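K.L.:
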Ligand code: GLU
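What follows is the structure, encoded as structure tokens:
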């Protein structure tokens, strides 16, 4: 446990947040928008920002993506105070958390494939709910097994800084903390890192809203203090589809190369968050005075700034 985490109960911990990009592709407007908000909140509160590269999945990691992500953050002026640290160099932390969960009897080996889980899951669920097939032993012990965490009967709820109340019990099913290819899963790594790195506030896109109860269950199981959460609506492309890293046109680097200025981009992003009254170009300095207590809750549709269209 890091220093910041350990002293957390003795005094009110200093605000610490993180940028946690996965180096799987280019930084796009959605990441920039979320990280702008995380950065402004940290700066307004006198806090610190940690840069953490979430590179556990080497197969999805793209050559040069990390350098490009760092460069894009720098160009936007979203400077970080610590890091970058890489998850790929922190696997000892994840292994020791997993062995703790094992000692507590809170994980088990699971041989089910993704397809098998999808086939037995109730059709109305948004995402497959694991029915607990391997809870008392792997159904196919001859296969390579993943490791699943036993979700409490009622999963934790929480109150999000922006998204409001997320009721307990909404997320169901035991989830994977270590994959059958032996990679530590995002859910475990993110909890271990945020706790060990003393993160007090997580600002991220709201496609991770339903991951939060899973993470809260892990914090509780490991006896760790959970941060607060602020989930930010996604940015949609002009067609209304969610932005993906392959949407190169919405990439920060592409926009920069097309002549879009940092101030133009900040103006668009801040307006889409509801922080400013117009899309006029603006600077980080000006935005430091913005009221961050509420943001616009609808997913944002951002067109390409003129210079790039
Ligand atoms: N690495 C994740 C992403 O790039 C973010 C995870 C998080 O913020 O918890 O989408």
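In this note's numbering, the protein residues as written are 1451 to 1759. Every residue gets a Cβ at the ideal spot worked out from N, C-alpha and C, and that includes glycine. As the structure is a prediction and not an experimental result, all values here were calculated from the model.
1) When the Cα atoms are used, what is the spatial distance from residue 1595 to residue 1473?
2) Which residue from 1502, 1537, 1513 and 1680 puts its Cα closest to that of residue 1530?
3) Ligand 1 and residue 1471: does any heavy atom of the ligand fall closer than 7 Å to the residue's C-beta?
4) Where do the N-terminal and C-terminal ends of the beta strand (DSSP E) with residue 1734 fall, by residue?
5) Check whether the Cβ of residue 1510 lies closer than 7 Å to any heavy atom of ligand 2, and answer yes or no.
6) Sorted by chain position, which residues of the same chain lie with C-beta nearer than 7 Å to residue 1623's C-beta, five sequence neighbours on each side aside?
7) Which whole runs of the alpha helix (DSSP H) in the region 1658-1739 are 4 residues long or more, in chain order?
8) Which residues does DSSP pair with residue 1644 in a beta bridge?
9) Tell me which residue opens and which closes the beta strand (DSSP E) that residue 1526 is part of.
10) Residue 1777: buried (16+ other C-beta within 10 angstroms of its C-beta) or exposed?
11) Considering only residues of the region 1463-1495, which uninterrupted beta strand (DSSP E) runs meet the minimum length of 3 residues and lie entirely inside it, listed in chain order?
12) In three-state DSSP terms, what is residue 1552?
13) Less than 7 Å between the CB of residue 1646 and some heavy atom of ligand 1, yes or no?
14) Should the region 1712-1723 be called in touch with the region 1479-1494, which here means at least 3 C-beta pairs below 8 Å?
15) For residue 1651, does the three-state DSSP call read helix, strand or coil?
16) Determine the direct distance from the alpha carbon of residue 1645 to that of residue 1452, and round the result to whole angstroms.
17) Cα-Cα, which of 1481, 1641, 1675 and 1613 is closest to residue 1548?
18) Would the C-beta of residue 1654 count as close to ligand 1, meaning under 7 Å from any of its heavy atoms?
19) Looking at residue 1605 and residue 1667, is the spacing between their C-beta atoms short of 8 Å?
20) Would you check whether ligand 1 has a heavy atom nearer than 7 Å to the C-beta of residue 1640?
21) Helix, strand or coil: how does DSSP classify residue 1656 here?
P.N.:
Considering the structure as presented:
1) 27 Å
2) 1502
3) yes
4) Residue 1734 -> not in any beta strand (DSSP E); alpha helix (DSSP H) instead, spanning 1734-1737.
5) Because ligand 2 does not appear in the structure shown, any question about it cannot be addressed here, the ligands present being ligand 1.
6) 1579, 1580 and 1601
7) 1662-1672, 1702-1707, 1712-1722 and 1734-1737
8) Residue 1644 pairs with nothing; no bridge assigned.
9) Note, residue 1526: premise wrong, no beta strand (DSSP E); alpha helix (DSSP H) at 1515-1526.
10) Any question about residue 1777 goes unanswered here, given that the chain covers just 1451 to 1759.
11) 1466-1469
12) helix
13) no
14) yes
15) strand
16) Confidence is the limiting factor: at residue 1452 the pLDDT is only 48, short of 50, which leaves the residue's position unreliable, though a coordinate-based value still follows. In a straight line, the C-alpha of residue 1452 is about 8 Å away from that of residue 1645.
17) 1641
18) yes
19) yes
20) yes
21) helix
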